[in-house]
Amino acid sequence: MAGINRGGFHHVDLNVSDLGAAKAVYGPVLEFLGYTLVQDNDEGAEWDLRIEGRGASLGLRPCDPALKGHGHLRYAPGLHHLSWRAESRADVDRLHALLVERGIKILDPPAHYPQYSGDYYAVFFEDPDGMKLELVHAPGWI
Numbered sequence: 175m176a177g178i179n180r181g182g183f184h185h186v187d188l189n190v191s192d193l194g195a196a197k198a199v200y201g202p203v204l205e206f207l208g209y210t211l212v213q214d215n216d217e218g219a220e221w222d223l224r225i226e227g228r229g230a231s232l233g234l235r236p237c238d239p240a241l242k243g244h245g246h247l248r249y250a251p252g253l254h255h256l257s258w259r260a261e262s263r264a265d266v267d268r269l270h271a272l273l274v275e276r277g278i279k280i281l282d283p284p285a286h287y288p289q290y291s292g293d294y295y296a297v298f299f300e301d302p303d304g305m306k307l308e309l310v311h312a313p314g315w316i
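Each residue of the sequence shown is one higher than the one before, counting from 175 in this note's numbering.
Right, dumping it as structure tokens:
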């Protein structure tokens with residue numbers, strides 16, 4: 175089928191210790207990026223980005239109650255961080271303003287990171303479990 179982004183991610187599901195707290199971070203961020211909430215119940219929440227032939231989905235699922243005391247360990251085996259593409263540097267700056275307005279923990283404010291690639295401009299922030307998140311504008315890099 176033409177237009178399918180073969181090899182692109184279809185969906186990502188994240189286990190979270192507090193579904194309500196996680197939704198308070200992911201909801202505004204994903205909606206800012208154009209995702210639509212398609213599921214929201216005790217079993218989890220899911221947002222879909224519908225771009226013809228190339229959509230994606232991000233879901234939040236409550237973790238096993240016995241593991242609630244375990245925060246995200248960025249340098250342990252598993253996911254290090256999750257990053258989304260921005261349309262422009264201004265897009266990164268607008269998300270930063272939204273994060274500040276919502277009281278979402280900023281790890282590094284918007285800045286140019288030439289060590290990653292020539293035009294790499296990003297904001298880094300964190301979810302309630304300590305998962306590092308990022309919005310990046312890096313034209314010409316993947």
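Built from N, CA and C at the ideal position, the CB exists for glycine as well.
Range covered by the alpha helix (DSSP H) that runs through residue i
{"i": "H270", "result": "263-276"}
Host beta strand (DSSP E) of residue i (start-end)
{"i": "P283", "result": "280-286"}
{"i": "F183", "result": "No beta strand (DSSP E) holds F183; DSSP gives it neither H nor E."}
{"i": "E220", "result": "218-223"}
{"i": "E300", "result": "295-300"}
Straight-line gap, residue i to residue j (C-alpha atoms, nearest Å)
{"i": "M175", "j": "G182", "result": "In this predicted model, M175 has a pLDDT of only 46, less than 50, meaning its place in the structure is not dependable; the value taken from the coordinates is given anyway. Taking the straight line from one Cα to the other gives about 14 Å."}
{"i": "A195", "j": "S291", "result": "33 Å"}
{"i": "P236", "j": "A219", "result": "9 Å"}
{"i": "E274", "j": "I280", "result": "Looking at the sequence provided, one finds Val at residue 274 rather than Glu. Taking the straight line joining both Cα atoms gives about 8 Å."}
Residue i classed as buried or exposed, judged by whether at least 16 other C-beta atoms fall within 10 angstroms
{"i": "I316", "result": "exposed"}
{"i": "P251", "result": "exposed"}
{"i": "Y209", "result": "buried"}
{"i": "H246", "result": "buried"}
{"i": "Y249", "result": "exposed"}
* To do: Indicate whether the contact test is met: 3 or more Cβ pairs, each with one atom in the segment 220-232 and one in the segment 240-253, closer than 8 Å.
  => At 8 Å Cβ cutoff, the stretches do not touch.
* Sufficient close CB pairs (3 or more, under 8 Å) joining the segment 284-298 to the segment 256-272 -> By the Cβ rule, the segment 284-298 counts as touching the segment 256-272, because three or more pairs are nearer than 8 Å.
* **Touching by the beta-carbon criterion (3+ pairs, under 8 Å), the segment 265-281 and the segment 181-195** => Verdict: no, contact absent.
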